[in-house]
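Structure record follows, encoded as structure tokens.
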Amino acid sequence: METYLEDPKRQRWLIASVAFAAFVSSLDGSIVSIALPDLARDLQVPITTTSQVMVSYILFMSASLPLVGKLGSMFGAKRLFLSGFLLFGIGSLICGLSRTLDVLVAARILQSVGAAALLATGYVLVAEHLPPDRRGMAMGLLGASASVASIVGPPVGGFMTQAWGWSSIFLINVPLCVIALFFGWHYLPHDPPINEAEKSAPFDWFGLLFITLALVGINHGLNRIDLEGWSSEEGLLYLSGGVLFTWLFIRQEKRARAPIIPGAVFGDFHVILAMISVIAVMMILGCLTILGPFFLQRVHDLPPGKVGLVMTVPGLIMLLAAPISGLIADRMGPERLSALAAGLLSGSCLLMAMLNATSSVLHITVVFSLLGLSIGLFFPPNSSYVMGLATRELRSVTASTYNVFKNIGMLLGISVLGSLAYTVARSHFKGLPETPEENRLAMAIGFSAAMSGAVVLALIAAIASAFTCLRPAKSNTTTPAP
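Note that the numbering used here has the sequence shown beginning at 732, numbered continuously upward.
Next comes the structure, spelled out in structure tokens:
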């Protein structure tokens, strides 16, 4: 029988620690986007090559999640959580002091491994040490912190770069990590005894290699297709390679003695439905993160400062909605709330698709905020549901798998919906002059097409979540000890 933290103060410290970890690790995935021109100038490299600074972080974080999930099962969540802050802080320091692109990218990879440890173990700490009636609210803050960070990252990065230079967006992490290490060491509960069989199990290095190559291939392929269209031979070649390595990874996991992702993780049909839902919703969030500023700047001619303000509003609403959603989920059940939130998200995406060049800034802000509210309501019950189904032995691996699927959804949303918007916008110019007015109209049409695709994704998430309501799964969560 598991025992939970009973001291409310220590519960709050745990929640604050994991929410902060989720925020900083996700923030560093998007905060550098506006700083890339300054990076290119100071490091004297072409601006196109600086995209490695962003891509390397997201890709290696995704690839590292299965590894850190396995390490969490072997050595304990608290140890790995604190190690994650240490690696993240060291990587941030090297990033801030870098004077060549190669050193910066290498430091970003080190940073990404630390970020993966923070994201994966945060869910495990919540599931292991908080009672069920507090878990939904904590999962809500954890998920919302990561989502909000993805949205506010670009405007925050732009402000810091303009005020103190691009090094500041990395160096600010160093004192924050030191503080987090101090409080985490003193207030986080100790790890429960580790299963010796789990600790001595061999690691699946071939599985790690295959999933890394799969993520690299799929991401690079979709990026080339996004730039050149579906006629891109290079894009299709990399995408095919990514699919091949995905198949090899699945085959390897079935044969491995100690697979990175045990088959039991996907042994429950309800987990598969929840994962489908989270991929669909993360694709929508990725679309908003990239196309939202694009729509505001290129269609409505808003300056960067106002774009940052408009994009911050849905992020704040998401952050406020998440803990409330978690509390509701703890009472009415996560399945029902996930389905309701996904249904609301469908309506929000439909309203987004109806925005055009004549929509007022107030109208746009309200619609963006409704989308933020829907996403804020969705993630707490969804993550709580998935972690509640996992046995204690599989929690670390399940949390890592959940975050891998979130990252895959984000990358797919940016690539697929971004490519859809670009293709539809370009098709508008057939036989027409590329005047400023036609440019604005084409971009508005492209944005509407992408958000129409988002409506379909939201409906998929709603249907998948509804099926979990019709067939509620039995949770593996045990009751607290007296």
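By construction, the Cβ of each residue, glycine as well, lies at the ideal position given by its N, Cα and C atoms.
Note that the coordinates shown come from a computational prediction; the quantities given were computed from them, not determined experimentally.
Residue-level contact to chain B via CB, residue i, 7 Å cutoff
i           : result
residue 955 : Of the chains in the structure shown, none is chain B; there is only one protein chain.
Sequence-distant residues of the same chain with beta carbon closer than 6 Å to residue i, five excluded per side
i            : result
residue 902  : 827
residue 1171 : 1030, 1088
residue 852  : 803, 808, 811, 812
residue 1140 : 1010, 1013, 1014
residue 1052 : 1104, 1107, 1108
residue 770  : 781, 897
residue 792  : 843, 846, 847
residue 830  : none
residue 1174 : 1029, 1030, 1156
residue 1080 : 1182, 1185, 1186, 1189
residue 891  : 899, 900
residue 1112 : 1060, 1065, 1068, 1069
residue 754  : 876, 880
residue 756  : 846, 849, 850
Same chain, Cβ closer than 7 Å to residue i, five either side skipped, listed in chain order
i            : result
residue 1046 : 879, 882, 883, 1103
residue 1226 : No information on residue 1226 is available, as it lies outside the stretch 732 to 1213 that the chain covers here.
residue 1106 : 878, 1012, 1016, 1049, 1076
residue 744  : 914, 918
residue 1210 : Note on residue 1210: pLDDT 32, under 50, position unreliable in the model; the coordinate value appears next. Same-chain partners within the cutoff: there are none.
Residue i - DSSP class collapsed to helix/strand/coil
i            : result
residue 990  : coil
residue 1000 : helix
residue 897  : coil
residue 836  : helix
residue 941  : helix
residue 1150 : helix
residue 934  : coil
residue 921  : coil
residue 978  : helix
residue 1025 : helix
residue 773  : helix
residue 1057 : helix
residue 1179 : helix
residue 874  : helix
residue 1032 : coil
residue 861  : coil
residue 1064 : coil
residue 1193 : helix
residue 1005 : helix
residue 781  : helix
residue 951  : helix
residue 1077 : helix
residue 843  : helix
residue 1132 : helix
residue 787  : helix
residue 793  : helix
residue 1072 : helix
Nearest neighbour of residue i, chosen from the options [CA to CA]
i            : options               : result
residue 1092 : 1071, 916, 1085, 1041 : 1041
residue 795  : 1054, 942, 1147       : 942
residue 842  : 953, 1119, 790        : 790
residue 1133 : 1007, 1147, 844       : 1007
residue 751  : 937, 1055, 872        : 872
residue 1117 : 1002, 1021, 937, 857  : 1002
residue 986  : 1095, 962, 936, 1018  : 936
residue 865  : 738, 951, 817, 818    : 738
residue 1147 : 951, 983, 938         : 951
residue 1025 : 772, 856, 1145        : 1145
residue 1168 : 1032, 1078, 1018      : 1032
residue 975  : 1056, 1005, 949, 1057 : 949
residue 1094 : 1034, 947, 1044       : 1044
residue 1193 : 1069, 755, 910, 775   : 1069
residue 945  : 1083, 981, 1086, 1004 : 981
Start-to-end residues for the alpha helix (DSSP H) that takes in residue i
i            : result
residue 1214 : Given that the chain is displayed from residue 732 to residue 1213, the structure contains no residue 1214 and the question cannot be resolved.
residue 1085 : Per DSSP, residue 1085 belongs to no alpha helix (DSSP H) and is neither H nor E.
residue 825  : 808-828
residue 1094 : 1092-1120
residue 755  : 739-761
Expected contact under 8 Å - CB spacing of residue i and residue j to nearest Å
i            : j            : result
residue 1099 : residue 1023 : 7 Å
residue 814  : residue 848  : 6 Å
residue 833  : residue 788  : Contact flag wrong, Cβ pair sits at about 15 Å.
residue 912  : residue 816  : 5 Å
residue 1149 : residue 1021 : 6 Å
Own chain residues within Cβ distance below 8 Å of residue i, not counting five before or after
i            : result
residue 1037 : 1027, 1092
residue 797  : 938, 939, 942, 991, 992, 1128, 1131, 1132, 1135
residue 818  : 841, 842, 844, 845, 848
residue 1176 : 1155, 1156, 1159
residue 1086 : 1026, 1094, 1095, 1098, 1175, 1178, 1179, 1182
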